[in-house]
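Numbering of the sequence shown is given in this note's numbering, commencing with residue 573 and proceeding in unit increments.
Report on one structure; see the data block that follows.
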Amino acid sequence: MFAVRNAGVVCSAIFTVANQCSHAVWPGILSNANSSQLSSTGFVLNSGDSVSIYVPSSWSGRLWGRTFCAQDPTTGIFNCITGDCGSGKVECGGNGAVPPATLVEFTLNGFSGLDFYDVSLVDGFNLPVLVVPHNGVGGGNCTYTGCNADLNVACPQELKVVSSSSGDCVACRSACEAFGDPRYCCSGEYRTPETCRPSKYSEFFKNACPRAYSYAYDDRSSTFTCASSDYVITFCPPLSVAG
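And the structure:
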């Protein structure tokens, strides 16, 4: 384990990011516009490794895992097959994940002093991930969330992202990304909770991962709160297989 600290800021929480996958994962971190950028916005975690990240008070943003990453020996540009942030480097800077990617989202010390956190499949899926609060003091639905199913195994054919080298499914797109239909994107005339309803594709995600966001208005069963907690974020926790 190694630690990533933000010098000169008051720590609100410690994120312990662990990789239990059989392969390397390159976590990326994006701070929201009203939050300070963390000292690291991207790094490599080899199989079995973990890192502790000291997060400032009232931080909000997202974290995800990138897979199948490499640096081009000629150009020096770094890129990943899934979750790439487009920076051309291991550090993402101010860039977010290119879908599909499993997103872990946080707002620390928000309304009533609570941390709000969720795992979102709204932008698709690339890696199983589990979020577990640690040493929290309650203050709501202070429990684990995530998706510990390998949705790439059972991903519908029309949503699959397939590796050109292996022919394996390496990520599962959302219906919004795959088809661009406002019904799936909760946009246009479907931009309200009343008009944007679950689809057979969002239900695929929801049935496999009941605690994760499956579409934009899936708040009731997918947002969790805790107070004064640290968090353990694990890629590839013990798996169940969807389908």
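By construction, the Cβ of each residue, glycine as well, lies at the ideal position given by its N, Cα and C atoms.
Out of the options, point me to the one whose CA is closest to residue i's CA.
{"i": "Cys-798", "options": "Thr-646, Val-742, Tyr-716 and Cys-664", "result": "Tyr-716"}
{"i": "Ser-872", "options": "Asp-753, Cys-748 and Arg-763", "result": "Because the chain in this structure spans residues 573 to 815, residue 872 falls outside the shown range and cannot be described."}
{"i": "Gln-609", "options": "Val-597, Asp-690, Gly-668 and Ser-594", "result": "Gly-668"}
{"i": "Leu-702", "options": "Thr-654, Ala-596 and Ala-784", "result": "Ala-784"}
{"i": "Gly-633", "options": "Gly-665, Ser-659, Thr-654 and Gly-620", "result": "Gly-665"}
{"i": "Asp-791", "options": "Ser-584, Val-742, Ser-619 and Asn-713", "result": "Asn-713"}
{"i": "Gln-592", "options": "Thr-679, Ser-619 and Thr-654", "result": "Ser-619"}
{"i": "Gly-660", "options": "Pro-672, Pro-671 and Ala-642", "result": "Ala-642"}
{"i": "Val-670", "options": "Ser-771, Thr-654 and Asn-681", "result": "Thr-654"}
{"i": "Ser-603", "options": "Ser-622, Leu-680, Gly-658 and Phe-650", "result": "Leu-680"}
{"i": "Asn-698", "options": "Tyr-762, Cys-758 and Leu-635", "result": "Leu-635"}
Between residue i and residue j, what straight-line distance do the alpha-carbon atoms span, to the nearest angstrom?
{"i": "Val-725", "j": "Ser-737", "result": "17 Å"}
{"i": "Leu-693", "j": "Gly-648", "result": "31 Å"}
{"i": "Arg-745", "j": "Phe-776", "result": "12 Å"}
{"i": "Gly-760", "j": "Phe-751", "result": "15 Å"}
{"i": "Gly-739", "j": "Ser-684", "result": "49 Å"}
{"i": "Gly-821", "j": "Tyr-803", "result": "Past the boundaries of the shown model lies residue 821; the chain is included only from 573 to 815, so the question cannot be answered."}
{"i": "Phe-640", "j": "Cys-652", "result": "5 Å"}
{"i": "Ser-630", "j": "Tyr-756", "result": "32 Å"}
{"i": "Cys-741", "j": "Ser-735", "result": "6 Å"}
{"i": "Pro-754", "j": "Gly-682", "result": "31 Å"}
{"i": "Phe-743", "j": "Ser-793", "result": "Per the sequence shown, the amino acid found at residue 743 is Ala instead of Phe. Each residue's Cα considered, the two are about 24 Å apart."}
{"i": "Gly-658", "j": "Lys-772", "result": "31 Å"}
{"i": "Phe-650", "j": "Asp-621", "result": "21 Å"}
{"i": "Ser-584", "j": "Val-623", "result": "17 Å"}
{"i": "Cys-758", "j": "Leu-723", "result": "22 Å"}
For a quick check, are the C-beta atoms of residue i and residue j less than 9 Å apart?
{"i": "Ile-586", "j": "Ile-601", "result": "no"}
{"i": "Ser-607", "j": "Pro-628", "result": "yes"}
{"i": "Ala-788", "j": "Ala-721", "result": "no"}
{"i": "Gly-637", "j": "Thr-674", "result": "yes"}
{"i": "Pro-705", "j": "Asp-687", "result": "yes"}
{"i": "Glu-663", "j": "Phe-615", "result": "yes"}
{"i": "Asp-690", "j": "Phe-796", "result": "yes"}
{"i": "Ser-594", "j": "Cys-727", "result": "no"}
{"i": "Ile-805", "j": "Ala-590", "result": "yes"}
{"i": "Val-733", "j": "Pro-672", "result": "yes"}
Buried or exposed for residue i, going by 16 or more other Cβ atoms inside 10 Å?
{"i": "Thr-646", "result": "exposed"}
{"i": "Thr-764", "result": "exposed"}
{"i": "Glu-766", "result": "exposed"}
{"i": "Pro-599", "result": "buried"}
{"i": "Asp-656", "result": "buried"}
{"i": "Asp-695", "result": "buried"}
{"i": "Ser-801", "result": "buried"}
{"i": "Lys-778", "result": "buried"}
{"i": "Arg-769", "result": "exposed"}
{"i": "Gly-718", "result": "buried"}
{"i": "Ser-774", "result": "buried"}
{"i": "Leu-811", "result": "exposed"}
{"i": "Ala-605", "result": "exposed"}
In chain order, what are the residue ranges of uninterrupted beta strand (DSSP E) at least 3 long that sit wholly in the region 720 to 797?
Listed in chain order, the complete beta strand (DSSP E) runs (minimum 3 residues) inside the region 720 to 797 are 732 to 734 and 741 to 744.
*Mind listing, in chain order, the continuous beta strand (DSSP E) runs of no fewer than 3 residues lying wholly within the region 644 to 694?*
Secondary structure remark: continuous beta strand (DSSP E) runs of at least 3 residues inside the region 644 to 694, in chain order: 650 to 654, 675 to 679 and 687 to 692.
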